[in-house]
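Notes follow the structure.
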Amino acid sequence: MSKQKANFFCLLTAVIWGGGFVATELGLGVFTAFAFLLLRFAGAAVLAWLPVWLAHEKVSKEALKIGVISGVLLYMAFALQTFGLERTTTGMNAFLTAVNVIFVPFIVWVIYHKKPDPIVFAAAVICLVGIGCLSLSGGSFSFNSGDLLTLVCAFFFAAQIVSLDQAKSASATVINAVQLTTAALCALPFGLMTTWPASISMGGYISVGYSIVLATFVCYLLQTTAQQYTSPAACSILLCTESLWGNLFGFLILHEAKSPIMIVGGLLIFASVLLVEAAPALEASPVLKRLLHRLSQQRG
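Counting in this note's numbering, the sequence shown runs from 32 upward without gaps.
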């Protein structure tokens, strides 16, 4: 698979997640947050084992290790995001979750001793500013306990993305099945302790179905596969365009009003995606190489 196709898979994942905002909103009107998470991960885990079984794939030690680590990180991220959302605004929750786009290059630097790519890091900053324009257009910049929980959740999302960077030789389908099963097992205690609805509306069934099949099973299979061929930093930027697609679907489906600053935010996110795609060509440019060399000399 080419890097361009892998990046497209990450972008497609973000588009599906963007559409999932509507499904999640419907689902949380029927289920508690932790009941919804248990249904989401348990249902997706069952689906994830089907291609493994049909292909007669074996669970290698490498796939098991990566999948368990990734699954724990994934559930911790979602749980902290849920706790944070109960104590802060939706806008701040979305914005601070997206800070993972900045965390990823530095986690890679600490673990693998790979310095952040200047172009990709610039794209990450542009993307974060754009998400801020989309999420914080109401002007709320206070920081509370919910914001702190969400910021920690962003670190776990970043760590989950980086953890999949080890999955270069292991089977993506097996890793996906293991990570979703692990997340479901982590969700089980909270899911059993919460209240469950006596009846479920058609909207509830649709939202759960979308979240299980598309937003979880398909999306995490796409992400796990794509990360075998692209960098964690590029993947995190493309995945963070989820907020752009969520706002776009909200405008098209729910007819939500969008302010000029939100439109600017969308354009900035789109620009960050273009910058990620153009990064290989820009890095090969002799002019840019000379400029970066001069900047490094000035720092020295």
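Glycine residues also receive a C-beta, built at the ideal position from the N, C-alpha and C atoms. Here the structure is a predicted model, which means the values were calculated and not measured.
What is the DSSP secondary structure of residue i, counted as helix, strand or coil?
{"i": "Asn-175", "result": "coil"}
{"i": "Gln-349", "result": "In the structure displayed, the chain extends from 32 to 331; residue 349 sits before or after that span and is not available."}
{"i": "Ile-231", "result": "coil"}
{"i": "Lys-96", "result": "helix"}
{"i": "Pro-9", "result": "The requested residue 9 does not occur in the structure, where the chain is confined to residues 32 to 331."}
{"i": "Arg-330", "result": "With a pLDDT of only 49 at Arg-330, under the threshold of 50, the placement of this residue in the model should not be trusted; the figure read from the coordinates follows. In the structure shown, Arg-330 sits in a helix (DSSP, three-state: H, G or I)."}
{"i": "Ser-194", "result": "helix"}
{"i": "Phe-39", "result": "helix"}
{"i": "Val-90", "result": "coil"}
{"i": "Ser-33", "result": "coil"}
{"i": "Thr-119", "result": "coil"}
{"i": "Leu-59", "result": "coil"}
{"i": "Ser-200", "result": "coil"}
{"i": "Ala-45", "result": "helix"}
{"i": "Ser-101", "result": "helix"}
{"i": "Val-132", "result": "helix"}
{"i": "Ser-267", "result": "helix"}
{"i": "Ser-290", "result": "coil"}
Keeping to the same chain, check which residues put their C-beta closer than 7 Å to that of residue i; ignore five residues upstream and five downstream.
{"i": "Ile-138", "result": "Ala-189, Ala-190, Val-193"}
{"i": "Ile-231", "result": "Val-61"}
{"i": "Asn-175", "result": "Arg-118, Thr-119"}
{"i": "Glu-88", "result": "Ser-202, Thr-204, Val-205"}
{"i": "Ile-100", "result": "Ser-194"}
{"i": "Lys-145", "result": "Val-139"}
{"i": "Phe-134", "result": "Ala-185, Phe-186, Ala-189"}
For residue i, which of the options has the nearest alpha-carbon?
{"i": "Thr-128", "options": "Lys-92, Gln-259, Met-32, Thr-181", "result": "Thr-181"}
{"i": "Ala-45", "options": "Thr-256, Leu-269, Leu-305", "result": "Leu-269"}
{"i": "Ile-142", "options": "Asp-196, Cys-164, Gly-235, Pro-291", "result": "Asp-196"}
{"i": "Ala-94", "options": "Gln-259, Phe-126, Gly-74", "result": "Gln-259"}
{"i": "Val-183", "options": "Ala-79, Pro-220, Asn-131", "result": "Asn-131"}
{"i": "Gly-102", "options": "Lys-36, Leu-298, Phe-248", "result": "Phe-248"}
{"i": "Trp-227", "options": "Leu-59, Ser-33, Leu-43", "result": "Leu-59"}
{"i": "Tyr-241", "options": "Thr-55, Lys-36, Trp-80, Thr-272", "result": "Thr-55"}
{"i": "Lys-96", "options": "Val-209, Met-233, Gly-235, Pro-220", "result": "Val-209"}
{"i": "Gly-98", "options": "Phe-187, His-144, Thr-212", "result": "Thr-212"}
{"i": "Phe-301", "options": "Ile-100, Phe-40, Trp-276", "result": "Trp-276"}
Could you name the residues of the same chain whose beta carbon sits closer than 6 Å to that of residue i, not counting the 5 residues immediately before and after it, in chain order?
{"i": "Gly-50", "result": "Phe-280"}
{"i": "Leu-69", "result": "Ala-218, Gly-222"}
{"i": "Asn-207", "result": "Ala-79, Tyr-251, Leu-252, Thr-255"}
{"i": "Thr-225", "result": "Thr-63, Phe-65, Ala-66"}
{"i": "Gly-297", "result": "Leu-275"}
{"i": "Leu-245", "result": "Ile-47"}
Just curious, the alpha helix (DSSP H) that residue i is in, first and last residue?
{"i": "Ile-272", "result": "In the sequence as displayed, the identity of residue 272 is Thr instead of Ile. Element bounds for Thr-272: n/a, residue is neither H nor E."}
{"i": "Thr-212", "result": "203 to 224"}
{"i": "Val-83", "result": "64 to 85"}
Output needed for residue i: all residues of its chain with C-beta closer than 8 Å, excluding positions within five of it in sequence on either side, in chain order.
{"i": "Ser-91", "result": "Ala-201, Ser-202, Val-205"}
{"i": "Ile-243", "result": "Leu-70, Arg-71, Gly-74, Ala-75, Leu-78"}
{"i": "Ala-214", "result": "Phe-72, Ala-76, Gly-102, Val-103, Leu-105, Tyr-106, Phe-109"}
Task: Segment contact, 8 Å Cβ cut-off, at least three pairs: the region 150 to 167 with the region 255 to 272 - done: yes
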